[in-house]
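Residue numbers for the sequence shown follow UniProt numbering, beginning at 1 and rising by one. Note that beta-carbon positions come from the ideal geometry of N, C-alpha and C, so glycine has one too. Predicted model only: the values in this text are computed from it and were never measured.
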Amino acid sequence: MEFELVVDSYEQPRERPTDNEEQKKYYSGKKKTHTFKNQVIVMPNGKEIVDVAVGYTGATSDLKLWRERSQELGNNQKYRGDKAYVGETAINTPYKKPRNQEMSAEKREENRLKAQQRIVVEHLIRLIKIYRVASERFRLKRQNYEAVILTVCGLIRWRIGAIVLPSKNCPEFF
């Protein structure tokens with residue numbers, strides 16, 4: 001493949017589970033609350049959602065989630081991700097600043113260009129979070145979470161298609 005798909009994860013708050021063992025799995029130290037973690041993979045132009053991993057526990061790191069999901073996706077594809085995916089060979093990540101040193105101007109410029117190409121997934125996550133059910137604390141049953149998020153992603157795909165592909169034969173409607 002000649003292009004790199006863009007991958008990123010986000011968390012959504014959920015109700016605190018009553019079972020002590022379950023609540024430890026869903027507690028996110030980053031967000032300091034109980035969360036679901038979702039991972040989105042999009043095309044480089046940001047116009048198509050390729051894959052969505054839904055409902056993982058909040059304590060799962062982005063890299064661990066990626067490693068679980070990547071076995072299902074295939075080995076030939078290359079990806080672009082943020083610093084959460086450093087160390088994964090299939091994902092092109094930005095350079096980290098060396099300890100006690102400055103990063104060279106070339107590497108900073110390269111990181112800036114990578115960020116410009118990676119921002120499409122952040123914009124798509126923002127579109128998902130427009131829907132309150134996908135951004136605020138999830139209060140429904142855990143079993144319904146995947147169906148709800150996949151429905152929201154379907155609505156986003158439809159919305160992107162409606163925005164990107166207006167009918168040129170009927171200009172009075174647009």
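- Task: Provide the residue span of the alpha helix (DSSP H) that contains residue 20, from first to last.
- Result: That run of the alpha helix (DSSP H) goes 20-26.
- Message: Does residue 68 pass the burial test, meaning 16 or more other C-beta atoms within 10 Å, or should it be called exposed?
- Response: When all chains shown are included, residue 68 counts as exposed.
- Query: For residue 140, is the classification buried or exposed, using 16 other Cβ atoms within 10 angstroms of its Cβ as the cut-off for buried?
  - Reply: Exposed: under 16 other Cβ atoms inside 10 Å.
- Task: Indicate whether residue 60 and residue 26 have their beta-carbon atoms separated by less than 7 Å.
- Result: In this structure, residue 60 sits away from residue 26, with a CB-CB distance that is not shorter than 7 Å.
- Query: Can you tell me the Cα-Cα spacing of residue 126 and residue 74, whole angstroms?
  - Reply: So the two alpha carbons sit approximately 27 Å from each other.
- Terminal residues of the continuous alpha helix (DSSP H) containing residue 121? Taken as a continuous stretch (DSSP letters only), the alpha helix (DSSP H) holding residue 121 covers 105-129.
- Task: Could you check the C-alpha separation between residue 101 and residue 71 for me, to the nearest Å?
- Result: Spanning the two alpha carbons is a distance of roughly 36 Å.
- Task: Return the CA-CA distance between residue 117 and residue 44, expressed in angstroms with no decimal places.
- Result: Distance between the alpha carbons of residue 117 and residue 44 is about 7 Å.
- Mind checking whether residue 42 and residue 121 have CB atoms under 7 Å apart? Between residue 42 and residue 121, the C-beta spacing is below 7 Å.
- Query: Alpha carbon to alpha carbon, how far is residue 20 from residue 79?
  - Reply: For residue 20 and residue 79, the distance between alpha carbons rounds to 37 Å.
- Item | Inter-residue spacing [alpha-carbon to alpha-carbon] between residue 134 and residue 149 | If you take the alpha carbons of residue 134 and residue 149, they lie about 6 Å apart.
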